[in-house]
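K.L.:
In the working numbering, the protein residues as written are 23 to 209.
We put the CB at the ideal spot given by N, CA and C, even for glycine.
Got a structure here, written out as structure tokens. Questions coming.
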């Protein structure tokens with residue numbers, strides 16, 4: 023029912039907006055407004071580029087026009103940096119697609135999810151991992167290196183390419199391998 027769809031639209035924590043073929047907002051939810059530090063009243067009827075930084079306008083318009091033209095090469099998901107009215111920069115993932123009505127009218131539906139905290143944590147992990155003087159690695163369940171930091175190359179003298187995909191067990195003395203496997207399997 024219309025009431026149920028409206029309730030879902032408003033209760034979700036994902037930013038949702040609907041624009042017409044001309045690019046004007048016809049509906050935005052509270053989460054979408056919050057991402058831009060704006061209200062629905064400020065957005066409705068405005069062109070969607072009104073909330074984007076000028077450097078994104080050309081790409082965003084190309085995407086919008088390509089979607090309505092049915093261009094199969096147009097990206098329908100990705101990441102953007104948004105600038106809020108308060109001057110904050112946030113990272114979001116987006117998805118977008120065309121919703122066709124029975125009366126022939128078409129709308130673009132876009133979702134935005136704030137990933138700023140996740141990006142910050144990824145950057146911190148990257149810094150801790152890659153700037154450490156200690157040898158750190160990520161090892162998969164198949165007991166092979168998935169990622170190593172520069173300390174491995176500096177300490178062992180092998181390149182990252184030579185180590186990636188190999189088992190760390192290749193670096194363990196043959197007499198110590200059985201005990202090492204036992205410890206790994208207990209994890």
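(1) Any heavy atom of the ligand FMN closer than 7 Å to the CB of residue 98?
(2) Leaving out the 5 sequence neighbours to the left and right, which residues in its chain are closer than 8 Å to residue 86 when beta-carbon positions are compared?
(3) Our contact map puts residue 54 next to residue 104 with C-beta atoms below 8 Å; I'd like the distance itself, whole angstroms only.
(4) Residue 111 and residue 133: beta carbons closer than 8 Å?
(5) Could you name each continuous beta strand (DSSP E) segment of 3 residues or more that falls completely within the segment 82-164, going from the start of the chain to the end?
(6) With a 10 Å radius around its C-beta and 16 neighbouring C-beta atoms as the bar for buried, classify residue 51 as buried or exposed.
(7) By DSSP's criteria, residue 69 is part of a beta bridge. Which residues make up the other side?
(8) Could you work out which residue in 96, 203, 97, 43 is closest to residue 126 when comparing CA atoms only?
(9) With a cut-off of 8 Å, do at least 3 Cβ pairs link the segment 62-69 to the segment 89-102?
(10) Kindly list the residues whose CB is nearer than 7 Å to the CB of residue 138, restricted to its own chain and excluding five residues on each side of it in sequence; keep chain order.
(11) For the alpha helix (DSSP H) containing residue 27, list its first residue and its last residue.
(12) Could you give the first and the last residue of the continuous beta strand (DSSP E) run that contains residue 181?
(13) Applying the criterion that 16 or more other CB atoms from any shown protein chain within 10 Å of the CB defines a buried residue, is residue 152 buried or exposed?
(14) Taking only the alpha-carbon atoms, compute the straight-line gap between residue 123 and residue 96 and give it to the nearest angstrom.
(15) Quick check on residue 57: does DSSP put it in helix, strand or coil?
(16) Does the beta-carbon distance from residue 169 to residue 160 come in below 8 Å?
P.N.:
The answer reads as follows:
(1) As for the ligand FMN, it is missing from this structure, which has no ligand bound.
(2) Taking the first residue of the chain shown as 1, we reach residue 86 at position 64. Closer than 8 Å at the Cβ level, and outside the excluded window around residue 86, lie 41, 45, 70, 130.
(3) Working through the chain shown from its first residue, we reach residue 54 at position 32. Working through the chain shown from its first residue, we reach residue 104 at position 82. Going by Cβ atoms, the distance from residue 54 to residue 104 rounds to 11 Å, so no, they are not a contact pair.
(4) Within the chain shown, numbered from 1, the residue matching residue 111 stands at position 89. Within the chain shown, numbered from 1, the residue matching residue 133 stands at position 111. Not closer than 8 Å, so no.
(5) 99-105, 111-122, 128-136, 159-161
(6) Counted from its first residue, the chain shown places residue 51 at position 29. That one is buried.
(7) Taking the chain shown and counting its residues from 1, one reaches residue 69 at position 47. Residue 69 pairs with 46.
(8) On the chain shown, residue 126 is found 104 positions in, with the first residue counted as 1. If we check each option's Cα against that of residue 126, 43 comes out closest.
(9) no
(10) In the chain shown, residue 138 corresponds to position 116, counting from 1. So the qualifying residues of the chain are 112, 113.
(11) The residue labelled residue 27 in the question sits at position 5 within the chain shown. Per DSSP, residue 27 belongs to the alpha helix (DSSP H) from 24-33.
(12) The count along the chain shown starts at 1 and reaches residue 181 at position 159. Taken as a continuous stretch (DSSP letters only), residue 181 belongs to no beta strand (DSSP E), as it is neither H nor E.
(13) Taking the first residue of the chain shown as 1, we reach residue 152 at position 130. The residue is exposed, with fewer than 16 neighbouring Cβ atoms inside 10 Å.
(14) Numbered from its first residue, the chain shown carries residue 123 at position 101. Numbered from its first residue, the chain shown carries residue 96 at position 74. Using only the alpha carbons, I get a separation of about 21 Å.
(15) Here residue 57 corresponds to residue number 35 of the chain shown, with the count starting at 1. Correct three-state label for residue 57: helix.
(16) For the purposes of this step, residue 169 is taken as the residue at position 147 of the chain shown. For the purposes of this step, residue 160 is taken as the residue at position 138 of the chain shown. Result yes, Cβ atoms of residue 169 and residue 160 sit closer than 8 Å.
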